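Here is the structure we will look at.
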Amino acid sequence: MIPPPPPPPSLPRPMPPPPPPPPRLQKPPPAPSPALVQAAKEQTIQQAHQVRAALQVLWTSTSAQERAAADKWLVTFQDSTEALSVCLSLLQEHEEHDLALFGATTLCNKLRGGRAAGLGP
């Protein structure tokens, strides 16, 4: 019996291309000035007071027009980008449970993608 012929020599594999060079590290952006930080804090505090006032009108006013205006303002506020920082402030700095509930609900809805969309249960 004749042995089978040896397998043909394998061809060398081509070398993979070298990896791209690492990205150049960029300097981090400069820190905001203390005056800018203070102005942002004051704006957050002012908006928190506006939220408190609108909720007070919504829950206590006997005027349907006033309640509708307060509700419209609160819905617009909840959709704003400022709502994140203001609602965090409501949770961190206020002991009023109604304000904390509004802040937590707003943050939860924002994390879920808005009032009408979002994550499933």
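Quick note on numbering: our numbering labels position 73 of the sequence shown as 1328, and the sequence is numbered without any gaps. Note that beta-carbon positions come from the ideal geometry of N, C-alpha and C, so glycine has one too. Remember, it's a predicted structure, so these values are computed and weren't measured experimentally.
Rounded C-alpha distance that separates Ala-1303 from Arg-1279
Counted from its first residue, the sequence shown places residue 1303 at position 48. Counted from its first residue, the sequence shown places residue 1279 at position 24. Their backbone Cα atoms lie some 42 Å apart in a straight line.
Which class does Gln-1281 belong to by DSSP, given the choice of helix, strand or coil?
On the sequence shown, position 26 is the one that residue 1281 refers to. Coil, per DSSP.
Which residues mark the beginning and the end of the alpha helix (DSSP H) in which Glu-1348 is found?
To locate residue 1348, count along the sequence shown from 1; it is residue 93. 1337-1348 is the extent of the alpha helix (DSSP H) around Glu-1348.
Gly-1358 in three-state terms, based on DSSP
One-based indexing of the sequence shown puts residue 1358 at position 103. Look at Gly-1358 here: in three-state DSSP terms it is helix.
For Thr-1315, name the three-state secondary structure that DSSP assigns.
Counting from 1 along the sequence shown, the entry for residue 1315 is found at position 60. Helix, per DSSP.
Can the beta-carbon of Phe-1332 be found closer than 8 Å to that of Val-1312?
Mapped onto the sequence shown, residue 1332 falls at position 77. Mapped onto the sequence shown, residue 1312 falls at position 57. In this structure, Val-1312 does not lie closer than 8 Å to Phe-1332 by Cβ.
When you compare the CB positions of Leu-1346 and Ala-1338, do they come within less than 8 Å of one another, or not?
Taking the first residue of the sequence shown as position 1, residue 1346 is located at position 91. Taking the first residue of the sequence shown as position 1, residue 1338 is located at position 83. No; because the gap between Cβ atoms is not below 8 Å, this pair is not in contact.
What number of angstroms, rounded off, separates the C-alpha of Ser-1318 from the C-alpha of Ala-1325?
Position 63 of the sequence shown, counted from the first residue, corresponds to residue 1318. Position 70 of the sequence shown, counted from the first residue, corresponds to residue 1325. Ser-1318 and Ala-1325: Cα-Cα distance of roughly 11 Å.
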